[in-house]
Structure formats: structure tokens, C-alpha cells
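This report concerns only the one structure given below.
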Amino acid sequence: DSGVTQTPKHLITATGQRVTLRCSPRSGDLSVYWYQQSLDQGLQFLIQYYNGEERAKGNILERFSAQQFPDLHSELNLSSLELGDSALYFCASSVGGPSGNTIYFGEGSWLTVV
Amino acid sequence: QKEVEQDPGPLSVPEGAIVSLNCTYSNSAFQYFMWYRQYSRKGPELLMYTYSSGNKEDGRFTAQVDKSSKYISLFIRDSQPSDSATYLCAMTPNQAGTALIFGKGTTLSVSS
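Chains A and B supply the protein sequences, listed in that same order.
My numbering applies: residue 1 is where the first sequence begins, and numbers increase by one.
My numbering applies: residue 115 is where the second sequence begins, and numbers increase by one.
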């Protein structure tokens, strides 16, 4: 158990809908990361927050947004969903940034868009 | 050219074999290098963490970094069926505002 908690574990939704994925980081970790993993693209970095502020941005679509709340939990919002958004979404956390700190991953949220 | 290249395999070996997994990268700014193990769509778990060039050993696992060649390796000695998983290399520069970049992963199968 990495200590990173993600909910829901699985969800199925229709195209055009909106979903919210939730992440609770390890106790004491200030950084939260979101990654998308699909079969053909591997683990793709979406976005990082540190203590409530956006720190790094990757290949995150405009239809996707995220935030980190004062209690350090984070949410990833996915809207206008398309079939291609079906993937495993991972949250990860670390004490500081990715340089010099161990990044721990949650078990993922499996999103299926039908 | 992708920033991090990793042969997806699959790689199949008999129990007890020495396994060599590799990644190449193009960004010379990468300073921190990691290997993660991922079982069947579970969350990746950190195996090895190295800074800059050199070797690091932990039990049956050895990580090597050759920054001059932009090449990193993970060796698994006396491989076990429980080592069957996907192995992902990951790396990041030593600067704020950057991300941990992953290879696509190599799927390893160790048969008993």
C-alpha cells in the first residue's frame, strides 16, 4: 500500500459526460501528480500541483482540469468525454517536486467511456 | 524522437536467468533516474532510484546509468516468477517545474 488513495477505482460513463476523479496523497506529501496510462501511449504526465499551486503541466487536454485543495487532496475533472479518453488514471504524490524525491503512485481509476 | 525510449518486449526468460532491461533518452538535462515495477495495471511501485551516473545495487537488482551514452539499465539476477511484471524506466531533470517522464515499459515474463 503506497498510501495514495484514489476513488473511484472503476467507472463507466457515456461520451459527452463529465467525471471527477479524486486523490488523497500520502500523509505529509505536498506534491500531487496526475498521469494517464493507455495501452498505446504508456504513462503520460498530465499535471502536477504543489501545496495548492500548479507546478508543471504536461499533455493535458483543455477538456481536462485539476486542482489541489487546502487539505492537499486533488481532483481531476474530465469533461466532454470521448471514447479515446478511456484509460487508467493514476494519481501520485511526493514530499516535494520530482527531483530528488520518491514519487508514490495510487492504484488508479479505470475509466471506460462508451 | 521520444524523450525516453524503451523496448516494450515482451521478454520471456526461465527462472534463475539474469535479465537486462534498458532505456535510452535524448534529454541531457535528466539527472534522476528511476525504475518502477507495475503488476497487471496496478499502480507502479518504485524499485530503484539513482542520481547522475554510476551503479546502484539492491538485493537482486542493479541499476546502471551511463549519462555519456544517455543509456540506463536494470539488471535482475536469479529472476523469479514473481518478477513477471512490466518494468518502467523514468527520469527527470534537476529543476523545478519539470515532470517525471516514463518509458513505455518492458513486459517481462519469468517461467518456472
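We put the CB at the ideal spot given by N, CA and C, even for glycine.
Remember, predicted model here, so these are calculated numbers, not experimental data.
Leaving out five residues on either side along the sequence, give the residues of the same chain with a beta carbon under 8 Å from the beta carbon of residue i.
i: A/Thr5; result: Cys23, Ser24 and Gly106
i: A/Asp104; result: It is Tyr, not Asp, that sits at residue 104 of chain A in the sequence shown. Ser2, Gly3, Val4, Arg26, Asp29, Ala92, Ser93 and Ser94.
With a CB to CB cut of under 7 Å and the five nearest residues on each side skipped, what residues in its chain are close to residue i?
i: A/Glu82; result: Thr15 and Val113
i: B/Ile215; result: Glu117, Val118, Ala204, Met205 and Thr206
i: B/Met79; result: With chain B covering only 115 through 226, there is no way to say anything about residue 79 of chain B.
i: B/Val127; result: Val133, Ser193 and Val224
i: B/Thr138; result: Glu119, Lys184 and Tyr185
i: A/Gln36; result: Gln44, Leu46, Ala87 and Tyr89
i: A/Gly28; result: Val95
i: B/Ser198; result: Leu222, Ser223 and Val224
i: B/Phe144; result: Met205, Thr206 and Pro207
i: A/Ile60; result: Leu46 and Ile47
i: A/Gly108; result: Gln6, Leu88, Tyr89 and Phe90
i: A/Ser79; result: Arg18 and Arg63
Which residues in the same chain have their Cβ closer than 6 Å to the Cβ of residue i, if we skip the five residues on either side of it in sequence?
i: B/Ser226; result: Glu129 and Pro195
i: B/Thr164; result: Phe147, Lys170, Ala177 and Val179
i: B/Lys181; result: Ser167
i: A/Thr20; result: Glu75 and Asn77
i: B/Thr200; result: Gln152, Gly219 and Thr221
i: A/Tyr33; result: Gln48 and Ala92
i: A/Leu72; result: Pro25
i: B/Asn141; result: Glu117
Measure the beta-carbon distance from residue i to residue j and round it to whole angstroms, keeping in mind my assumption that it falls under 8 Å.
i: B/Thr206; j: B/Leu125; result: Between B/Leu125 and B/Thr206 the Cβ distance is about 25 Å, and since that is not below 8 Å, they are no contact.
i: A/Asn119; j: A/Ala66; result: As displayed, chain A neither begins before 1 nor continues past 114, which places residue 119 of chain A out of reach and without an answer.
i: A/Thr102; j: B/Leu160; result: 6 Å
i: A/Glu11; j: A/Leu111; result: Per the sequence shown, the amino acid found at residue 11 of chain A is Leu instead of Glu. Yes, they are in contact, since the Cβ atoms of A/Leu11 and A/Leu111 sit about 6 Å apart, within 8 Å.
i: B/Gly219; j: B/Gln152; result: 7 Å
i: A/Ser99; j: B/Tyr146; result: 6 Å
i: B/Val179; j: B/Ile190; result: With 8 Å as the limit, B/Val179 and B/Ile190 do not qualify as a contact, their Cβ atoms being about 16 Å apart.
Counting only beta-carbon atoms, is residue i nearer than 8 Å to chain E?
i: B/Lys170; result: No chain E is part of this structure, whose protein chains are labelled A and B.
Stretch-stretch touch, CB-based, cutoff 8 Å, three pairs: the segment 167 to 175 of chain B with the segment 132 to 143 of chain B:
no
Between the segment 201 to 212 of chain B and chain A, which residues of the former have a C-beta closer than 9 Å to a C-beta of the latter?
Leu202, Ala204, Thr206, Pro207, Asn208, Gln209, Ala210, Gly211 and Thr212
Against chain A: residues of the segment 140 to 165 of chain B by CB proximity under 9 Å
Gln145, Tyr146, Met148, Tyr150, Gln152, Arg155, Lys156, Gly157, Pro158, Glu159, Leu160, Tyr163 and Tyr165
Should the segment 78 to 91 of chain A be regarded as contacting the segment 32 to 46 of chain A, the criterion being three or more beta carbon pairs within less than 8 Å?
yes
Write down every uninterrupted run of the beta strand (DSSP E) in the segment 163 to 189 of chain B whose length is 3 residues or greater and which is fully enclosed by it, in chain order.
168 to 172 and 175 to 180
Please identify, using Cβ separations under 8 Å, the residues of the segment 45 to 60 of chain A that lie next to chain B, in order along the chain.
Phe45, Gln48, Arg55, Ala56 and Gly58
Members of the segment 79 to 106 of chain A that neighbour chain B once the beta carbon cut-off is set at 7 Å
Leu88, Phe90, Gly97, Pro98, Ser99, Gly100, Thr102, Ile103, Phe105 and Gly106
Please determine if the segment 52 to 69 of chain A and the segment 209 to 220 of chain B are in contact, where contact requires at least 3 C-beta pairs separated by less than 8 Å.
yes
Scan the segment 1 to 28 of chain A for residues whose Cβ lies nearer than 9 Å to a Cβ of chain B and list them as they occur along the chain.
Ser2, Val4 and Gln6
Which runs of the beta strand (DSSP E), 3 residues or longer, sit entirely within the segment 132 to 159 of chain B?
133 to 139 and 144 to 152
Curious, which full-length alpha helix (DSSP H) runs of at least 4 residues does the segment 28 to 59 of chain A contain?
none
Near-chain B residues of the segment 31 to 46 of chain A - C-beta to any C-beta below 7 Å:
Gly42, Leu43 and Phe45
If we require 4 or more residues per run, which alpha helix (DSSP H) segments fall completely within the segment 63 to 87 of chain A?
none
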